[in-house]
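**Q** Chains as they are written, first to last, in the working numbering: chain A, 187 to 436; chain B, 187 to 436.
Protein chains: 2
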Amino acid sequence: MRIARIATEDGPRPVVQDGHYWREVLDPFADNPAYTGRHHPVDATRLLAPVQPTVVVGLTHSGSRDDRAPHPQAFTKSARTVTGPGGVVAVDDDLGQVNIETELAIVIRRSCRRVTVDTALENVLGYTIANDVTLADQMLLDRTMTQAKNGDGFTPLGPWIETDLDPRSLSMSTHVNGDTVATASTAHLAWTVAEQLTYLTRYLRLGPGDVVLTGCPGTFAPVKPGDQAVVAIDGIGELSNPIRTSPMSP
Amino acid sequence: MRIARIATEDGPRPVVQDGHYWREVLDPFADNPAYTGRHHPVDATRLLAPVQPTVVVGLTHSGSRDDRAPHPQAFTKSARTVTGPGGVVAVDDDLGQVNIETELAIVIRRSCRRVTVDTALENVLGYTIANDVTLADQMLLDRTMTQAKNGDGFTPLGPWIETDLDPRSLSMSTHVNGDTVATASTAHLAWTVAEQLTYLTRYLRLGPGDVVLTGCPGTFAPVKPGDQAVVAIDGIGELSNPIRTSPMSP
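1) Within this structure, are the beta carbons of A:Glu-348 and A:Gly-421 separated by less than 8 Å?
2) Shortest alpha-carbon distance to B:Arg-254 belongs to which of B:Val-398, B:Thr-387, B:His-374, B:Pro-433?
3) What would DSSP say about B:Glu-381, mapped onto helix, strand or coil?
4) Taking C-beta pairs closer than 7 Å, name the residues in chain B that A:Leu-326 reaches, listed in chain order.
5) Can you give me the start and stop residues for the alpha helix (DSSP H) that B:Gln-414 sits inside?
6) Would you check if the distance between the CB atom of A:Gly-393 and the CB atom of B:Arg-266 is smaller than 8 Å?
7) Return helix, strand or coil for B:His-374, following the three-state DSSP convention.
8) B:Ala-265 CB to nearest chain A CB: under 8 Å?
9) With distances taken Cα to Cα, identify the nearest neighbour of B:Val-379 among B:Thr-369, B:Pro-239, B:Pro-353.
10) Cβ of A:Ile-419 within 8 Å of Cβ of A:Ile-315?
11) Which residues in the same chain have their Cβ closer than 6 Å to the Cβ of A:Arg-391, if we skip the five residues on either side of it in sequence?
12) Tell me B:Cys-298's beta-bridge partners as DSSP assigns them.
13) Do A:Ala-190 and A:Val-201 count as a contact pair if the criterion is CB distance below 8 Å?
14) If the cut is a Cβ gap below 9 Å, which residues of chain A does B:Gln-382 touch?
15) DSSP has B:Gly-209 in a bridge; who is on the other side?
16) What does a CB cutoff of less than 6 Å around A:Tyr-385 pick up in its chain, not counting 5 residues either side in sequence?
17) The beta strand (DSSP E) with A:Val-360 in it runs from where to where?
18) For a test of the three-state rule: what should DSSP assign to A:Leu-386, helix, strand or coil?
19) Tell me, please, whether the CB atom of B:Gly-336 is closer than 8 Å to any CB atom in chain A?
20) Would you say A:Val-241 and A:Gly-339 are within 8 Å of each other, going by their C-beta atoms?
21) With H, G and I counted as helix, E and B as strand and the rest as coil, what does DSSP make of B:Pro-353?
22) Put A:Lys-410 into one of helix, strand or coil per three-state DSSP.
23) Taking a cut of 8 Å between CB atoms, which residues from the segment 222–256 of chain B lie near chain A?
24) Quick check on B:Arg-299 - is its C-beta less than 8 Å from some C-beta in chain A?
25) Alpha carbon to alpha carbon, what distance is there between A:Ala-376 and A:Leu-383?
26) Closer than 8 Å by beta-carbon distance: list the chain A residues that pair up with B:Gly-401, in chain order.
27) Just to confirm the assignment, what range does the beta strand (DSSP E) spanning B:Ala-322 have?
28) Using three-state DSSP, classify A:Asn-309 as helix, strand or coil.
Right under this line is the structure:
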């Protein structure tokens, strides 16, 4: 099943794809989502970020199989950084180098803590693509990563959630202005989806719509204002966002 | 003005105190909040966390005037950690020492980035009390503080927001089971409210209802399941929460 969130004249609505139509659902996190009866042509709708998370958490030191020692590590990211397909990534001129990062994003289905590797996947609604935009120079200045990860539009999500997807070996790619600048696979991630959720939920609760950014296996690239960033994962699709100078930039 | 959020039979409602009554308002962040016409006796209502923030961000290395060098540092905290007066702080037996921390919390009124020391306070709705519960042993294991700050109920907020308050020199105290275990003043904080907002909004956007935990000037104390924690700040009030073993504890 493919789940999205679209702009309608009545506001954002969760939808499920049915051929050439998006069919509105009441609650995409329900076990059996109920349809409202309204539908929208796929080729005439604007996609939004597929969820509005309360918690956005990302794995660091998760870039290769060598990163498995000694244990995972994670950072939380402001939910105000989330944007959708086409949303502007706004960068400030005085904060240094900006990197885009193609990442598989886990979308959580229900409230969970202390999951085990055996039960972890029961809490997953599906997977989408995230661009974990990062200020590279700020990473060196702030061990908590707060300065590096929280600019306006720094977490593009989309284009939609795929619920029937095996996340273990998906091709990933990063593109700037039409050039392919990095390729990898989710198989290169240090930790599996189940291992990541087991680690995270030992310390914090995840709930419906929360998003876990699973790490960047070399899929990063520098960008600058004026660039168009595309992050892509096979089996999901691609997510395209413009990089612009922030109107708040000094 | 004193702003709270109360439980009603129709769900949580924002309210403003008027003598012995809480008067419902439509939008506590509006320049001139409009009243709905409904009111509730103060002595017959249950207080909730006064806001439901999207972003909870805390200052670290803010414990004394000596912490001013080289610059502020901050961590983000899951918004799912927020609870209100009386809400349970749930601790897991295998995660080590739990500390409570009395902190002045800034409540943000409107969307803002890149404020200056001169404009910062225009973006403040008022002040409440936070208990920034922290796993002391996890602080040593995780430089991002994700493991230390995000347990269930780890951000009690309340009892209400005071909008007409000078935050510069308020007495603070920390109490466990009725004993006063720490006292300090907001005058001991390394950075003023305006300086903190200037630092934070250089890197991230704050918006209505967001909360900044301004730092712990020695107002921490260890607690264990069964304890009752009270954090108090003169001019606001006190916030009391029970410490309990998490039902998720192994």
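Beta carbons: idealized from backbone N, C-alpha and C, even for Gly.
**A** Looking at the atomic coordinates:
1) Between A:Glu-348 and A:Gly-421, the CB-CB gap stays under 8 Å.
2) Of B:Val-398, B:Thr-387, B:His-374, B:Pro-433, the residue nearest in Cα terms is B:His-374.
3) The answer is helix: DSSP assigns B:Glu-381 an H, G or I state.
4) Correct list: empty, because the minimum Cβ distance to chain B is about 13 Å.
5) Counting along the chain, B:Gln-414 falls outside any alpha helix (DSSP H), though it belongs to the beta strand (DSSP E) covering 414–419.
6) Their beta carbons are under 8 Å apart, which means A:Gly-393 touches B:Arg-266 by this criterion.
7) Residue state, collapsed to three classes: helix.
8) Contact of B:Ala-265 with chain A is assigned, a C-beta pair being separated by under 8 Å.
9) Of B:Thr-369, B:Pro-239, B:Pro-353, the residue nearest in Cα terms is B:Pro-353.
10) Cβ atoms of A:Ile-419 and A:Ile-315: closer than 8 Å.
11) Around A:Arg-391: Arg-299.
12) Note: B:Cys-298 is bridge-paired with B:Leu-392 in the DSSP secondary-structure output.
13) Cβ atoms of A:Val-201 and A:Ala-190: closer than 8 Å.
14) Against B:Gln-382, chain A offers no close residue; the least beta-carbon distance is about 12 Å (beta-carbon pairs closer than 9 Å).
15) Residue identity differs from the one stated: residue 209 of chain B is Arg in this sequence, not Gly. According to DSSP, which records beta bridges pairwise, B:Arg-209 is partnered with B:Val-202, B:His-225.
16) Spatial neighbours of A:Tyr-385 in its own chain (CB-CB distance under 6 Å, excluding positions within 5 residues in sequence) are listed in chain order as Pro-258.
17) One detail in the question is off: residue 360 of chain A reads as Thr in this sequence, not Val. For A:Thr-360, the enclosing beta strand (DSSP E) stretches over residues 357–362.
18) Reduced to three states, the DSSP call for A:Leu-386 is helix.
19) The sequence given here has Asn at residue 336 of chain B, not Gly. So, interface residue.
20) Not a contact, by the Cβ cut-off of 8 Å.
21) Judged by DSSP in its simplified three-state form, B:Pro-353 adopts helix.
22) Three-state DSSP puts A:Lys-410 in coil, outside helix and strand.
23) With the criterion set as a beta carbon lying under 8 Å from some beta carbon of chain A, the members of the segment 222–256 of chain B are Thr-240, Val-241, Val-243, Thr-246, in sequence order.
24) At least one CB atom of chain A sits nearer than 8 Å to the CB of B:Arg-299.
25) C-alpha separation (whole angstroms): 13 Å.
26) The contacting residues do not exist; B:Gly-401 stays about 14 Å from chain A at best.
27) Run containing B:Ala-322: none in the beta strand (DSSP E); it sits in the alpha helix (DSSP H), 322–325.
28) Three-state result, A:Asn-309: helix.
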